[in-house]
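> Structure incoming, see below.
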Amino acid sequence: MAVSRNLLLFSASLLFFIVSPSFQASFRPKALVLPVSKDASTNQYVTQIKQRTPLVPIKLTLDLGAESLWVDCEQNYVSSTYKPARCNSAQCNLARSKSCGSCFDAPKPGCNNNTCSLFPANTVKNLATIGEIAQDVVAVQSTDGKSSGKVVSASKFLFICGSAILFDGLPSGVTGMAGLGRSKISMPSQFSAAFSFPRKFAICLGSSNGVLFFGDGPYSFLALNIDISKSLIYTPLILNPVSTAPASFSGDPSSDYFIGVTGISINEKPVALNKTLLSINKEGHGGTKISTVAPYTVLQTSIYRAVVRAFTKELPKAFRVRAVAPFGACFNSTGIGFSRVGPGVPLIDLNLPNKVVWRIFGFNSMVRVKADVLCLGFVDGGLEPTTSIVIGGHQLEDNLVQFDLAASRVGFSSSLLFRQTTCANFNFTSAA
Ligand SMILES: *[C@@H]1O[C@H](CO)[C@@H](O)[C@H](O)[C@H]1NC(C)=O
Ligand SMILES: *[C@@H]1O[C@H](CO)[C@@H](O)[C@H](O)[C@H]1NC(C)=O
Ligand SMILES: *[C@@H]1O[C@H](CO)[C@@H](O)[C@H](O)[C@H]1NC(C)=O
Ligand SMILES: *[C@@H]1O[C@H](CO)[C@@H](O)[C@H](O)[C@H]1NC(C)=O
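All the letters of the sequence shown, read from the start, carry residue numbers -24 to -1, 1 to 408 under mature numbering (1 follows the signal peptide of the UniProt record, and there is no 0).
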């Protein structure tokens, strides 16, 4: 772990109180909306917010499981409303920070005395540093769920100061990551507190454009006049009591979103798996989480091999062609038919409690690597990954997935392609 500044660490006050950061807003939005685009060179999902006074656009890679927003404070951070979080303040408690630090440099954003810190992380490269917690103005567009509307701002939005040492592997122009995780200071939690709307948010990723909603539905898309939030299938969220972040304070729970996959079926035939890997053990290892940082679903080696074997068995032998990295099973697409939901390949079901199924169709299971070659879009995560199944971006595209923090559940839409729309079809209108 790299450390960007000198810190004096001592244990935090043991007082924990429930606090909501106070915000000011003239107009109370019911929900907020952010555009999301996929960066073709890194396969990351990128969004943009405005921050500071005066407001400047900030590009951020989406990080579904990260505990908060972090942005680079080292370069060009100019703002008259930047305020570091002082040790033992309500902000530090809300952030569960256990460190209080000093900075032996000229005071500036990211470098102040008597401030608490957290660990901004680049989860693409598994890098983390330590950075000052601060607050500043954040502005985003509101929405009625059908189109984007008036810009609203939250005046005391908490974030962590990161630095350029965390930029490795991020798309050019990106200067931070948008943490949407299971924590009190994640972007969804703060927006819900700021504007008093339900603690829900939804991601709808696309192969080029998509959308992120904070708050409850309606979530409506062009070419379709129905509210997708009304037809979601739900499964409980599972709390992993051990942090899965690149750096954390000991005792912190994970801010990642875990769901209870109990098995995988291919063409409705169960694949034999080591069930121990599907549950979360005392060290926080195992289980299934959802990630926007993994471009493709990552499976522990034994699960990966069993899935590839079962999937391949369901297709004619003659279709198999030489694999193209990082994939292990590729097929000649000439003989494979197509439907609205992509190539007609074996169905992959993630089985969830209470007979709920997350069904993956060809559009989400296959990746076209050449004009006539399609590969199974899952990758081998090695023998001992922290998490056994990481559902990645390609498998989420054109599916709307809602996270209901209050009810501790995830709702998913299945492929929007069935309903003749896509995540790219949200009606973004220019900011008022
Ligand atoms: C923090 O306090 C130390 C010791 O008093 C001082 O040398 C340093 O300049 C201060 N740093 C900032 C950023 O104010
Ligand atoms: C998109 O939203 C704008 C603003 O609400 C509205 O005027 C326009 O008709 C909408 N476009 C479509 C195709 O529904
Ligand atoms: C199943 O996975 C667990 C956890 O990795 C491992 O300890 C156990 O040996 C595995 N069982 C079999 C039969 O491979
Ligand atoms: C796929 O099959 C077609 C028709 O049989 C053949 O012409 C083509 O060369 C094959 N492509 C690969 C990559 O094997």
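Where a beta carbon is used, it is the ideal one built from N, C-alpha and C, also for glycine. Since the structure is predicted, the reported quantities are computational estimates derived from the model, not experimental observations.
1) Given 8 Å as the limit, is there contact between the region 63 to 71 and the region 79 to 96, that is, 3 or more CB pairs closer than that?
2) Enumerate, from N- to C-terminal direction, the unbroken beta strand (DSSP E) stretches of 3 or more residues contained entirely within the region 276 to 318.
3) Go ahead and pull the three-state DSSP assignment for Ile365.
4) Just jot down, in chain order, the residues whose CB lies closer than 6 Å to any heavy atom of ligand 3.
5) Quick check on the DSSP output: the beta strand (DSSP E) that includes Ala154 runs from which residue to which?
6) Relative to ligand 4, is the shortest distance from any of its heavy atoms to the C-beta of Thr310 smaller than 6 Å?
7) Using a Cβ-based criterion (distance less than 6 Å to any ligand heavy atom), does Pro319 qualify as near ligand 1?
8) Count the other C-beta atoms from every protein chain shown that fall within 10 angstroms of the C-beta of Val116, then say buried if there are 16 or more, exposed otherwise.
9) So what's Pro5 in DSSP terms, helix, strand or just coil?
10) Would you say the beta carbon of Val349 is closer than 6 Å to some non-hydrogen atom of ligand 4?
11) How about Ser377: is its Cβ closer than 6 Å to a heavy atom in ligand 4?
12) So Gln166 is in the alpha helix (DSSP H); what residue range does that whole segment cover?
13) Over what stretch of residues does the beta strand (DSSP E) that includes Leu188 continue unbroken?
14) Just checking my contact of Arg296 with Phe307 at CB under 8 Å: how many whole Å lie between their CB atoms?
15) Run the proximity test for Asn257: is its beta-carbon closer than 6 Å to any non-hydrogen atom belonging to ligand 1?
16) Considering only their Cβ atoms, is the gap separating Cys63 from residue 422 smaller than 7 Å?
17) Leaving out the 5 sequence neighbours to the left and right, which residues in its chain are closer than 7 Å to Tyr233 when beta-carbon positions are compared?
18) Could you compute how far the alpha carbon of Ser78 sits from the alpha carbon of Thr398?
19) Starting from Arg180, follow its DSSP beta bridges and name the residues at the other end.
20) In chain order, what residues of the same chain have a beta carbon less than 7 Å from the beta carbon of Pro194, not counting five sequence neighbours either side?
21) Do the CB positions of Asn403 and Leu198 come within less than 7 Å of each other?
22) Does ligand 1 have even one heavy atom less than 6 Å from the beta-carbon of Asn88?
23) Residues in the same chain with beta-carbon distance under 6 Å from Ser219, minus the five sequence neighbours each way, listed in chain order, please.
24) Could you check which residue in Ser184, Ile106 and Val317 has the C-alpha nearest to that of Asn19?
25) Does the beta-carbon of Ser315 have 16 or more other beta-carbons within 10 angstroms, so that it is buried, or is it exposed?
26) Using the Cβ count rule (16 or more neighbours within 10 Å means buried), how would you classify Thr310?
27) State the CB to CB distance for the pair Phe189 and Val343, rounded to an integer number of angstroms; the pair is presumed to be in contact (CB under 8 Å).
28) Going by the beta-carbon positions, is the gap between Gly320 and Ile312 smaller than 7 Å?
29) For ligand 2, list every residue whose C-beta falls under 5 Å from any of its heavy atoms, going in chain order.
30) Please work out which residues of its chain come closer than 6 Å, Cβ to Cβ, to Pro60, disregarding the five sequence neighbours upstream and downstream, and give them in chain order.
31) Can you tell me whether Thr220 is helix, strand or coil according to DSSP?
32) Alpha carbon to alpha carbon, how far is Ile367 from Phe394? Give it in angstroms, no decimals.
33) Is the region 350 to 357 touching the region 264 to 284, taking contact as three or more C-beta pairs under 8 Å?
34) Helix, strand or coil for Ser(-3)? Go by DSSP, reduced to three states.
35) Going by DSSP in three states, Gln371 sits in which element: helix, strand or coil?
36) In the structure shown, what three-state DSSP assignment does Leu134 receive?
Based on what the coordinates show:
1) Counting Cβ pairs under 8 Å, three or more are found: they touch.
2) Listed in chain order, they are 306 to 308.
3) Position 389 of the sequence shown holds residue 365. Strand.
4) Residues close to ligand 3 by the beta carbon criterion (under 6 Å to any non-hydrogen atom) are, from first to last along the chain, Asn250, Thr252 and Leu253.
5) By one-based count along the sequence shown, residue 154 stands at place 178. Taken as a continuous stretch (DSSP letters only), the beta strand (DSSP E) holding Ala154 covers Val150 to Gly155.
6) The residue labelled residue 310 in the question sits at position 334 within the sequence shown. Indeed, a heavy atom of ligand 4 lies less than 6 Å from the Cβ.
7) To locate residue 319, count along the sequence shown from 1; it is residue 343. Checking every heavy atom of ligand 1 against the Cβ of Pro319, none is found closer than 6 Å.
8) Counting from 1 along the sequence shown, the entry for residue 116 is found at position 140. In summary, Val116 is buried, with 16 or more beta-carbon neighbours lying within 10 Å of its beta-carbon over all protein chains present.
9) Indexing the sequence shown from 1 puts residue 5 at position 29. If DSSP states are grouped into helix, strand and coil, Pro5 belongs with coil.
10) By one-based count along the sequence shown, residue 349 stands at place 373. Yes - ligand 4 has a heavy atom lying nearer than 6 Å to the Cβ of Val349.
11) The sequence position of residue 377 within the sequence shown is 401, counting from 1. The sequence given here has Val at residue 377, not Ser. The beta carbon of Val377 sits no closer than 6 Å to any heavy atom of ligand 4.
12) In the sequence shown, the residue the question calls residue 166 occupies position 190. Taken as a continuous stretch (DSSP letters only), the alpha helix (DSSP H) holding Gln166 covers Met163 to Phe171.
13) Along the sequence shown, read from residue 1 onward, the residue named residue 188 stands at position 212. From DSSP, the beta strand (DSSP E) with Leu188 extends over Asn185 to Phe190.
14) Taking the sequence shown and counting its residues from 1, the one referred to as residue 296 is at position 320. Taking the sequence shown and counting its residues from 1, the one referred to as residue 307 is at position 331. The beta-carbon separation of Arg296 and Phe307, rounded to 6 Å, stays under the 8 Å limit for a contact.
15) By one-based count along the sequence shown, residue 257 stands at place 281. Flag unset: Cβ of Asn257 not near ligand 1.
16) Examination of residue 422 is not possible in this model, given that the chain is present from -24 through 408 alone.
17) The residue labelled residue 233 in the question sits at position 257 within the sequence shown. Excluding residues within five positions, the ones whose Cβ falls inside 7 Å are Leu40, Gly41, Arg158, Leu213, Lys265, Ile266, Phe379 and Val386.
18) On the sequence shown, position 102 is the one that residue 78 refers to. On the sequence shown, position 422 is the one that residue 398 refers to. Between the alpha carbons of Ser78 and Thr398 lies a gap of roughly 49 Å.
19) For the purposes of this step, residue 180 is identified with residue 204 of the sequence shown, where counting begins at 1. At residue 180 the sequence reads Cys, which differs from the Arg that was named. Looking at the DSSP output, Cys180 bridges to Val187 and Leu376.
20) Reading the sequence shown from its first residue, position 218 is the one you call residue 194. Setting aside the 5 residues that flank it on each side, Pro194 is surrounded in the same chain by Gly121, Lys122, Asp203 and Ser205, each with a C-beta closer than 7 Å to its C-beta; the list follows chain order.
21) Position 427 of the sequence shown, counting from 1, holds the residue named residue 403. Position 222 of the sequence shown, counting from 1, holds the residue named residue 198. Taking 7 Å as the Cβ cut-off, Asn403 and Leu198 qualify as a contacting pair.
22) Taking the sequence shown and counting its residues from 1, one reaches residue 88 at position 112. At least one heavy atom of ligand 1 lies closer than 6 Å to the C-beta of Asn88.
23) Locating residue 219 in the sequence shown gives position 243, where the first residue counts as 1. Asp228 and Ser230.
24) The residue you call residue 19 lines up with position 43 of the sequence shown. Residue Ser184 holds the alpha-carbon nearest to the alpha-carbon of Asn19 among Ser184, Ile106 and Val317.
25) Here residue 315 refers to the residue found at position 339 of the sequence shown. Under the 10 Å beta carbon count, Ser315 is surrounded by fewer than 16 other beta carbons and is classified as exposed.
26) Position 334 of the sequence shown holds residue 310. Using a 10 angstroms sphere on the CB of Thr310, the tally of other CB atoms stays under 16, which defines it as exposed.
27) Looking up residue 189 in the sequence shown gives position 213. Looking up residue 343 in the sequence shown gives position 367. In fact, because the Cβ distance is near 27 Å, the residues do not count as touching under 8 Å.
28) Sequence index remark: in the sequence shown, residue 320 carries index 344 (1-based). Sequence index remark: in the sequence shown, residue 312 carries index 336 (1-based). Yes, the pair counts as a contact, with Cβ atoms nearer than the cut-off.
29) Checking every Cβ against the heavy atoms of ligand 2 under 5 Å gives Ser123, Asn403 and Thr405.
30) Taking the sequence shown and counting its residues from 1, one reaches residue 60 at position 84. Taken in chain order, the residues that qualify are Asn88, Thr91, Glu108 and Ala110.
31) By 1-based counting over the sequence shown, the position of residue 220 is 244. Assignment of Thr220 by DSSP, reduced to helix, strand and coil, places it in the coil class.
32) The count along the sequence shown starts at 1 and reaches residue 394 at position 418. The count along the sequence shown starts at 1 and reaches residue 367 at position 391. Each residue's alpha carbon lies about 21 Å from the other.
33) Yes, the region 350 to 357 touches the region 264 to 284.
34) In the sequence shown, residue -3 corresponds to position 22, counting from 1. In this prediction, Ser(-3) scores a pLDDT of 46, lower than 50, which makes its location untrustworthy; the coordinate-derived value is nonetheless stated afterwards. Here Ser(-3) sits in coil by DSSP.
35) By 1-based counting over the sequence shown, the position of residue 371 is 395. Gln371: helix per DSSP, three-state reduction.
36) Position 158 of the sequence shown holds residue 134. Three-state result, Leu134: strand.
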